[in-house]
Amino acid sequence: MVTVRRIHVSPPLINSSCAVTTRTATLTGFNETVQKKVAFTKDTITSLNSYGYSPHPLSNYIKYVDTILTSAPAGSTKPFIISITSSSPISLGSMLNSIQELRSKFHDADGATSRIAVELNTSCPNIKGSPPPAYNFPCLTPILDVLADYFWKDRTLVLGLKLPPYVYSTQFNDLVKAVAG
10 MVTVRRIHVS PPLINSSCAV TTRTATLTGF NETVQKKVAF TKDTITSLNS YGYSPHPLSN
70 YIKYVDTILT SAPAGSTKPF IISITSSSPI SLGSMLNSIQ ELRSKFHDAD GATSRIAVEL
130 NTSCPNIKGS PPPAYNFPCL TPILDVLADY FWKDRTLVLG LKLPPYVYST QFNDLVKAVA
190 G
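Position 7, counted from 1, in the sequence shown is what my numbering calls 16; the numbers after and before it change by one each time, with no gaps.
Spelled out as structure tokens, the structure:
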């Protein structure tokens with residue numbers, strides 16, 4: 010078992026057997042086009058994903074998680090990682106408010122563990138004309154400030170940051186400065 014703050018993941022791989030991670034949602038849903046595809050190879054177990062963000066709004070994922078947790082057997086501990094993204098601090102705050110309302114409904118802050126966590130996806134490369142926010146530090150910093158504000162208001166909120174690969178040391182150093190700031 011692996012523990013990430015208040016989330017217990019067993020076995021220690023994030024897949025369908027130990028945790029549920031949603032597709033990355035935006036506040037109102039993302040306009041998915043036919044160019045977003047996935048390809049599976051015939052002779053191997055690899056795939057190529059170019060989906061982009063979910064066409065379903067965050068409110069749908071909150072309903073799905075609510076339904077599953079409401080009907081889960083007593084003692085169920087499988088965590089749900091709700092993946093979200095936004096380049097707008099105001100929109101991100103609204104999304105986090107909605108997730109916090111869900112957490113409150115299930116008393117997720119009570120006890121030693123949480124069942125609902127948040128992943129902020131800053132690394133999706135499949136959005137035409139929009140580089141991943143994690144490569145644009147002036148855009149990333151206000152978003153991280155929102156996450157920090159929510160965390161300091163509720164230290165039981167488990168947050169993850171999905172980052173792209175950094176190929177230059179200056180990119181990594183800029184990220185450290187943004188997170189530490």
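Ideal placement from N, C-alpha and C gives every residue a C-beta, glycine not left out.
Just mark residue i as buried or exposed, buried being the case when its beta carbon has 16 or more other beta carbons within 10 Å.
{"i": "I91", "result": "buried"}
{"i": "N145", "result": "exposed"}
{"i": "E110", "result": "exposed"}
{"i": "S103", "result": "exposed"}
{"i": "H17", "result": "buried"}
{"i": "I54", "result": "exposed"}
Would DSSP call residue i helix, strand or coil?
{"i": "K171", "result": "strand"}
{"i": "P147", "result": "helix"}
{"i": "V176", "result": "coil"}
{"i": "L184", "result": "helix"}
{"i": "I54", "result": "coil"}
{"i": "T76", "result": "helix"}
{"i": "P64", "result": "coil"}
{"i": "L129", "result": "strand"}
Give the single residue among the options whose Cα lies nearest to the Cα of residue i.
{"i": "K87", "options": "Y62, E110, R112 and R124", "result": "R124"}
{"i": "D154", "options": "S113, F89 and K186", "result": "K186"}
{"i": "D119", "options": "V176, L166 and T131", "result": "L166"}
{"i": "L172", "options": "D158, L129 and K162", "result": "L129"}
{"i": "R15", "options": "Q180, F89 and A81", "result": "F89"}
{"i": "N69", "options": "A83, A81 and F39", "result": "F39"}
With a cut-off of 8 Å on the beta carbons, I'd call residue i and residue j a contact; round off their distance for me.
{"i": "L36", "j": "L67", "result": "6 Å"}
{"i": "S96", "j": "P142", "result": "6 Å"}
{"i": "Y62", "j": "T31", "result": "11 Å between Cβ atoms; not a contact."}
{"i": "L168", "j": "F160", "result": "6 Å"}
{"i": "F115", "j": "L78", "result": "6 Å"}
Is any beta-carbon of chain C found at less than 8 Å from that of residue i?
{"i": "N40", "result": "This model lacks chain C altogether, as it is built from one protein chain only."}
Next item on the list: Note down, one range per segment and in chain order, each beta strand (DSSP E) of at least 3 residues found wholly within the stretch 82–113.
Entry: Note on the stretch 82–113: whole beta strand (DSSP E) runs with a minimum of 3 residues are 89–93, in chain order.
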